[in-house]
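Engineer:
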Amino acid sequence: MKRVPLLLLFMVTTMMSMAQGVFNNQTNAALQKVIEDYPNRFKNIKGDLLKENSGSADYRSKVQIPGSLNCVISQASQPATVTNWKCSVFVTSEYDKARQKFQELYDQISNTIIRIKGQKPFILNGSYTTPDQENKTTAIRFQMTPAPECVQNLRVEISMCYNEDWEVILSVNDQLIY
Numbered sequence: 154m155k156r157v158p159l160l161l162l163f164m165v166t167t168m169m170s171m172a173q174g175v176f177n178n179q180t181n182a183a184l185q186k187v188i189e190d191y192p193n194r195f196k197n198i199k200g201d202l203l204k205e206n207s208g209s210a211d212y213r214s215k216v217q218i219p220g221s222l223n224c225v226i227s228q229a230s231q232p233a234t235v236t237n238w239k240c241s242v243f244v245t246s247e248y249d250k251a252r253q254k255f256q257e258l259y260d261q262i263s264n265t266i267i268r269i270k271g272q273k274p275f276i277l278n279g280s281y282t283t284p285d286q287e288n289k290t291t292a293i294r295f296q297m298t299p300a301p302e303c304v305q306n307l308r309v310e311i312s313m314c315y316n317e318d319w320e321v322i323l324s325v326n327d328q329l330i331y
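For what it's worth, my numbering labels the leading residue of the sequence shown as 154, then goes sequentially.
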């Protein structure tokens with residue numbers, strides 16, 4: 154008789170842990186794929202051409218974060234080639250909903266361990282900054298500890314900005330050094 158409640162407890166605990174981690178694991182898995190392809194200038198995850206201007210082009214990303222609006226790879230070649238992966242995670246007219254999504258995204262990414270084949274694993278760390286409705290832009294830049302040589306110029310950042318609506322963005326790009 155004791156085995157039935159124990160079995161039920163085990164099943165419920167297992168199902169709850171799987172349900173909690175799905176979005177988080179999928180977000181981290183997508184971010185892992187993007188960072189892995191950074192040394193290749195995102196060529197392995199670059200999809201169809203969306204638009205092209207003189208000196209720049211936007212491509213659909215083959216790597217998407219589940220539930221996101223769009224993920225785009227942008228390349229500009231002036232003055233040097235700069236590559237950017239940008240994912241619009243959430244858009245709303247309501248500040249509180251955007252702030253909540255920003256916090257969730259931070260919680261999912263903070264302390265993520267990234268493994269690139271042939272490199273030592275590293276951890277993404279960033280200090281949380283609470284968005285302020287009066288300040289139209291809030292950004293958190295994640296540090297890589299310890300950062301392998303192949304990602305020394307990489308920047309991982311989440312931002313929440315207001316331009317007609319509140320938008321939560323995850324970006325992985327070249328850290329411009331002047």
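In this text, a Cβ means the ideal position worked out from N, Cα and C, and glycines have one as well. A quick note: this is a predicted structure, and the numbers were derived from the prediction, not measured.
Between Asp-318, Cys-314, Asn-288, Gly-279, which has its C-alpha nearest Arg-308's C-alpha?
Structural biologist: Gly-279
Engineer: Please check the pair Val-187 and Val-225, which I expect to be a contact at CB under 8 Å, by giving their CB distance rounded to whole angstroms.
Structural biologist: Actually they are not in contact, since the Cβ atoms of Val-187 and Val-225 sit about 12 Å apart, beyond 8 Å.
Engineer: May I have the straight-line CA-CA distance separating Asp-327 from Thr-282, to the nearest angstrom?
Structural biologist: When rounded, the distance between both Cα atoms is 22 Å.
Engineer: Using the three-state DSSP reduction, which class does Ala-233 fall into: helix, strand or coil?
Structural biologist: coil
Engineer: Sorted by chain position, which residues of the same chain lie with C-beta nearer than 7 Å to Arg-213's C-beta, five sequence neighbours on each side aside?
Structural biologist: Gly-200, Asp-201, Leu-203, Val-225
Engineer: Report the partner residues of Glu-205 according to the DSSP bridge assignment.
Structural biologist: DSSP lists Ala-210 as the bridge partner or partners of Glu-205.
Engineer: Per DSSP, which residues does Lys-254 bridge with? Please list them.
Structural biologist: The partner list for Lys-254 (beta bridge, DSSP) is empty, contrary to what the question assumes.
Engineer: Take the Cβ of Ala-183 as the centre, count every other Cβ of all protein chains shown within 10 Å, and call the residue buried at 16 or more, exposed below.
Structural biologist: Classification of Ala-183: buried, given that the 10 Å Cβ count is 16 or more.
Engineer: Please name the residue, chosen from Val-325, Asn-316, Ile-293, that lies closest to Thr-245 on a Cα-to-Cα basis.
Structural biologist: Asn-316
Engineer: Give me, in chain order, the residues of the same chain whose beta-carbon lies closer than 8 Å to that of Pro-301; leave out the 5 immediate sequence neighbours on both sides.
Structural biologist: Ile-269, Gln-272, Lys-273, Phe-275
Engineer: Between the Cα of Val-325 and the Cα atoms of Gln-179, Arg-194, Asn-178, which residue gives the shortest distance?
Structural biologist: Arg-194
Engineer: What residue range does the beta strand (DSSP E) around Gln-296 cover?
Structural biologist: In the DSSP assignment, Gln-296 falls within the unbroken beta strand (DSSP E) covering 290-298.
Engineer: Inspect the beta-carbon positions of Pro-192 and Cys-303 and report whether they are closer than 7 Å.
Structural biologist: yes
Engineer: What's the gap between the Cα of Cys-240 and the Cα of Ile-218?
Structural biologist: 8 Å
Engineer: Have a look at Asp-260 and Asn-288 and give me their C-alpha separation to the nearest angstrom.
Structural biologist: 22 Å
Engineer: On a Cα-Cα basis, can you pick out the residue from Ala-292, Ile-266, Leu-258, Met-313 that is closest to Thr-298?
Structural biologist: Ile-266
Engineer: What are the boundary residues of the beta strand (DSSP E) that includes Asp-327?
Structural biologist: 319-327
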